[in-house]
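Protein chains in written order, with our numbering: chain A, 1 to 119; chain B, 1001 to 1107.
Structure, rendered in structure tokens:
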């Protein structure tokens, strides 16, 4: 059974960069599929951030594209999110998930990690 | 981007009731639609994919239907554990987009 676990700082200052990592257990990222990040501001809905294939192919949501980098480390069975120049609007629970791609549906999610942007 | 509009935004119902939630897309999804259930403090859980395919392990009281731009999630007989927020998600094209959610409360 696949399990995903997000890790990263809970508090970030405005204008700084936040880095999150998703560690996958029970399934090899190199087996295929797309892996992605989805966020949810407190009390609000879900927003897709971006997706990555083990080959390194990435897709990003246009509004975030200039500030987002997603990378993969197959040796550690992890993928990561870097979000730069954060503002209070980036305060959200960040989820990593499997099967985050068009013509597919996220089926396994991490528990989520709250990132708060505040000075 | 494909806009997803759910209705109602919230609904109150009782145990045993039949509840239907609707999701309308701004363009034809060709049935590339999923439904998720989210409880407070938890990640979303996939219930239905490909508009009407029931996720393994999900009770059969949940069902999905629809085509084109209009889709529905039906809970045939509400159970106490079903009170949660429900989201639709389109997978027809990038960017992946979600509905704004429907909160299902106990009456």
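All C-beta atoms, glycine included, are put in the ideal place defined by N, C-alpha and C.
Interface flag, residue i vs chain B, CB-CB below 8 Å
| i | result |
| --- | --- |
| residue 112(A) | yes |
| residue 77(A) | no |
| residue 122(A) | Look at the range of chain A in this structure, 1 to 119, and you will see that residue 122(A) is not part of it. |
| residue 104(A) | yes |
| residue 90(A) | no |
| residue 73(A) | no |
| residue 100(A) | yes |
| residue 59(A) | yes |
| residue 62(A) | yes |
| residue 95(A) | yes |
Residue i to residue j span [Cα, whole Å]
| i | j | result |
| --- | --- | --- |
| residue 53(A) | residue 89(A) | 27 Å |
| residue 1040(B) | residue 25(A) | 24 Å |
| residue 1078(B) | residue 1095(B) | 33 Å |
| residue 8(A) | residue 36(A) | 16 Å |
| residue 84(A) | residue 1022(B) | 36 Å |
| residue 80(A) | residue 32(A) | 16 Å |
| residue 1072(B) | residue 1008(B) | 11 Å |
| residue 1097(B) | residue 1003(B) | 7 Å |
| residue 95(A) | residue 112(A) | 4 Å |
| residue 72(A) | residue 21(A) | 9 Å |
| residue 1015(B) | residue 1103(B) | 15 Å |
| residue 3(A) | residue 1076(B) | 31 Å |
| residue 63(A) | residue 109(A) | 23 Å |
Given residue i as reference, the closest of the options once Cα atoms are compared
| i | options | result |
| --- | --- | --- |
| residue 1093(B) | 1069(B), 1052(B) and 1032(B) | 1032(B) |
| residue 74(A) | 55(A), 66(A), 85(A) and 110(A) | 55(A) |
| residue 18(A) | 6(A), 28(A) and 97(A) | 6(A) |
| residue 1036(B) | 1062(B), 1066(B) and 1067(B) | 1062(B) |
| residue 86(A) | 44(A), 77(A), 103(A) and 119(A) | 119(A) |
| residue 92(A) | 1014(B), 1043(B), 1106(B) and 1053(B) | 1043(B) |
| residue 12(A) | 101(A), 97(A) and 82(A) | 82(A) |
| residue 1070(B) | 1017(B), 1011(B), 1001(B) and 1025(B) | 1025(B) |
C-beta neighbour in chain A for residue i, strict 8 Å
| i | result |
| --- | --- |
| residue 1093(B) | yes |
| residue 1027(B) | no |
| residue 1003(B) | no |
| residue 1083(B) | no |
| residue 1049(B) | yes |
| residue 1101(B) | yes |
| residue 1096(B) | yes |
| residue 1087(B) | yes |
Cβ separation of residue i and residue j, assumed to be a contact under 8 Å, to the nearest whole Å
| i | j | result |
| --- | --- | --- |
| residue 1089(B) | residue 1051(B) | Going by Cβ atoms, the distance from residue 1089(B) to residue 1051(B) rounds to 11 Å, so no, they are not a contact pair. |
| residue 115(A) | residue 14(A) | In fact, because the Cβ distance is near 12 Å, the residues do not count as touching under 8 Å. |
| residue 34(A) | residue 51(A) | 5 Å |
| residue 105(A) | residue 1046(B) | 6 Å |
Contacts of residue i in chain E (Cβ-Cβ under 7 Å)
| i | result |
| --- | --- |
| residue 109(A) | Of the protein chains in this structure, namely A and B, none is chain E. |
Chain B contacts made by the segment 42-55 of chain A, where a contact means CB separation under 7 Å: 45, 46 and 48
Selection of the segment 1029-1046 of chain B by Cβ proximity to chain A, strictly under 7 Å: 1032, 1034, 1043, 1044 and 1046
Interfacial residues, the segment 13-31 of chain A to chain B, with Cβ spacing under 8 Å: none
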